[in-house]
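The sequence shown begins at 1 in the UniProt record's numbering and counts up by one. Remarks on the structure that follows.
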Amino acid sequence: MTPATTEEATASLPEGRPCWIELYTPDTTASASFYRELLGWETTEPGDGSPLGTELRNAGRLIGSIESSQDDPETAGWRVTLLVDDVEATVAATPDAGGTVVLPAMEVEGTGMTWALLRDADGALLGVLADPEALEPHPLEAGMPVWYEVLARDLERGAEFYRGALGWTTHREEAGGTVFPYYTNGSGPAAVCGIGDIAVFGRQDTEPAWRVYLGVSDLDEAVGRVRELGGTVREEPSDSPWGRLAEVADPHGAVLRLCQV
1 MTPATTEEAT ASLPEGRPCW IELYTPDTTA SASFYRELLG WETTEPGDGS
51 PLGTELRNAG RLIGSIESSQ DDPETAGWRV TLLVDDVEAT VAATPDAGGT
101 VVLPAMEVEG TGMTWALLRD ADGALLGVLA DPEALEPHPL EAGMPVWYEV
151 LARDLERGAE FYRGALGWTT HREEAGGTVF PYYTNGSGPA AVCGIGDIAV
201 FGRQDTEPAW RVYLGVSDLD EAVGRVRELG GTVREEPSDS PWGRLAEVAD
251 PHGAVLRLCQ V
């Protein structure tokens, strides 16, 4: 569960690794301002014909987008897209693995990419993408997504979905001699995401969903900045076997995890 360096992670890239983040929000302008101030992200409005909303960059690298949730408020929050070799094969495997196809495989106009939208065995939304020009995982730096995880009510059923539909080779997480109800999507530094038991790693109000860990250089300072910018702190900074972490929400309620790097 410890984020790997870029050099370590590229040594053996697993199938089904996260490659893109999207924030769905009722106010894209205000949300863009919040994250610029908090993380130093650069935000760019899309050009004509672009399939994206507001583009998100950290240190010049495109990492995701901000999309409007006004037509469907229930989608507000973060969404993660996983990289696969063959979207159509992933879509075909989804029902047998216990998931649901929300939107079937389709070409992303003008990009050479294919995309689909799924729900896993617990109903968590995820995108899947085949991108022939996909970059290596993000470096372990401030402002970058440094870890991703999905929480499940039934850990074994959830892990079976990601093994069957996304091709994960799961490994049970162990830290400090304790085995946790958590699987990573690979072993050692190749792991870049995981699935955990919602009863252990979530809060009482947590629903099954993907969540994003964003790197910060000073966690206490970042949490204070969240409050100044109108966000809320759901879990104060604390040390864990996987580093110093906190959970916050932006002014529109989108929950994210902050990790000191």
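Glycine is no exception: its CB is placed at the ideal position from the N, C-alpha and C atoms. Predicted model, so just to flag it, every value in this text is computed and none were measured.
Can you tell me where the alpha helix (DSSP H) holding residue i begins and where it ends?
i: A92; result: 87–93
May I ask you to report which of helix, strand or coil DSSP gives residue i?
i: L219; result: helix
i: L155; result: helix
i: E236; result: strand
i: L214; result: strand
Could you tell me the boundaries of the beta strand (DSSP E) in which residue i lies?
i: A203; result: Strictly speaking, residue 203 in this sequence is Arg, with Ala absent from that position. Counting along the chain, R203 falls outside any beta strand (DSSP E), and DSSP gives it neither H nor E.
i: Y243; result: Sequence check: residue 243 is Gly here, not Tyr. Where G243 is concerned, the enclosing beta strand (DSSP E) stretches over 243–249.
i: L256; result: 255–260
i: A175; result: 171–175
i: G196; result: 193–197
i: P139; result: It is not in any beta strand (DSSP E) - P139 carries neither H nor E in the DSSP assignment.
i: P14; result: No beta strand (DSSP E) holds P14; DSSP gives it neither H nor E.
i: N189; result: Correcting the residue type first, residue 189 is Pro in the shown sequence and not Asn. Element bounds for P189: n/a, residue is neither H nor E.
So is residue i buried or exposed if we call it buried at 16+ other beta carbons inside 10 Å?
i: M106; result: exposed
i: V80; result: buried
i: A199; result: exposed
i: A175; result: exposed
i: A11; result: Low confidence applies to A11: its pLDDT is 43, below 50, so where it sits in the model is not reliable enough to give any reading.
i: E221; result: exposed
i: A124; result: buried
i: E7; result: Residue confidence for E7 is low, a pLDDT of 47 falling below 50, so the modelled location carries little weight and cannot support an answer.
i: Q260; result: buried
i: D250; result: buried
i: T178; result: exposed
i: D120; result: buried
i: P46; result: exposed
Does the Cβ of residue i lie closer than 7 angstroms to at least one heavy atom of the ligand ATP?
i: P251; result: In the structure on display, the ligand ATP does not appear, and there are no ligands present to speak of.
*List in chain order: all unbroken beta strand (DSSP E) runs of 3+ residues lying wholly within the UniProt domain "VOC" (17–131).*
Taking only runs of at least 3 residues, the beta strand (DSSP E) segments lying wholly in the UniProt domain "VOC" (17–131) are 17–25, 42–44, 54–58, 61–68, 77–83, 100–108, 113–119, 125–130.
*Would you call the stretch 54–71 and the stretch 19–30 touching, i.e. three or more CB-CB distances under 8 angstroms?*
Contact check between the stretch 54–71 and the stretch 19–30: three or more CB pairs, one atom from each, fall below 8 angstroms, which counts as touching.
*At a cut of 8 angstroms, does the stretch 204–212 reach the stretch 254–261 through at least three beta carbon pairs?*
A contact exists between the stretch 204–212 and the stretch 254–261.
_For the structure I just gave you, are there three or more beta carbon pairs, one from the stretch 98–117 and one from the stretch 135–145, closer than 8 angstroms?_
Judged by Cβ distances under 8 angstroms, the stretch 98–117 makes no contact with the stretch 135–145, as fewer than three pairs qualify.
*the stretch 113–133 in contact with the stretch 238–252 per 3-pair CB rule at 8 angstroms*: Counting Cβ pairs under 8 angstroms, fewer than three are found: no touch.
_For the structure I just gave you, are there three or more beta carbon pairs, one from the stretch 88–100 and one from the stretch 220–239, closer than 8 angstroms?_
In short, these stretches do not touch, since the Cβ pair count stays below three.
*Stretch-stretch touch, CB-based, cutoff 8 angstroms, three pairs: the stretch 187–198 with the stretch 145–159*: Touching, yes.
*Taking contact to mean at least 3 C-beta pairs separated by less than 8 angstroms, is the stretch 24–37 in contact with the stretch 50–61?*
Taking one beta carbon from each stretch, the stretch 24–37 and the stretch 50–61 have 3 or more pairs nearer than 8 angstroms; the two touch.
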